[in-house]
Amino acid sequence: MLKHLDVTLRDGGYRNQFSFPLEYIMEHIKNLTEILVKYIEIGCRKGSLKSMDNMGLCFNDYA
Numbered sequence: 001m002l003k004h005l006d007v008t009l010r011d012g013g014y015r016n017q018f019s020f021p022l023e024y025i026m027e028h029i030k031n032l033t034e035i036l037v038k039y040i041e042i043g044c045r046k047g048s049l050k051s052m053d054n055m056g057l058c059f060n061d062y063a
């Protein structure tokens with residue numbers, strides 16, 4: 001069985017300092033689920049390696 005992992009948000013985030021508009025993120029995820037992509041990497045769970053306030057932070061109750 002072939003499995004796909006989309007890394008658009010993670011890799012793209014390194015180019016734009018993870019400053020995607022929320023609408024873009026939601027539409028991107030919606031489109032991926034419609035074509036049955038089950039795995040989406042969104043970035044570092046604890047945030048970026050460099051300080052960017054809480055940008056990219058994923059809280060435990062969301063994960």
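Position 37, counted from 1, in the sequence shown is what our numbering calls 37; the numbers after and before it change by one each time, with no gaps.
Heads up, the beta-carbon is just placed ideally off N, CA and C, and yes, glycines get one too.
Keep in mind the model is a prediction, meaning the values are calculated, not measured.
*Three-way DSSP call (helix, strand, coil) for ILE42 in this model*: Here ILE42 sits in coil by DSSP.
*Using three-state DSSP, classify LEU5 as helix, strand or coil.*
LEU5: strand per DSSP, three-state reduction.
*Do LEU32 and ASP6 have their C-beta atoms closer together than 8 Å?*
A Cβ-Cβ contact shorter than 8 Å links LEU32 with ASP6.
*Keeping to the same chain, check which residues put their C-beta closer than 8 Å to that of GLU41; ignore five residues upstream and five downstream.*
Here the set comprises LEU5, ASP6, VAL7, LEU9 and ARG10.
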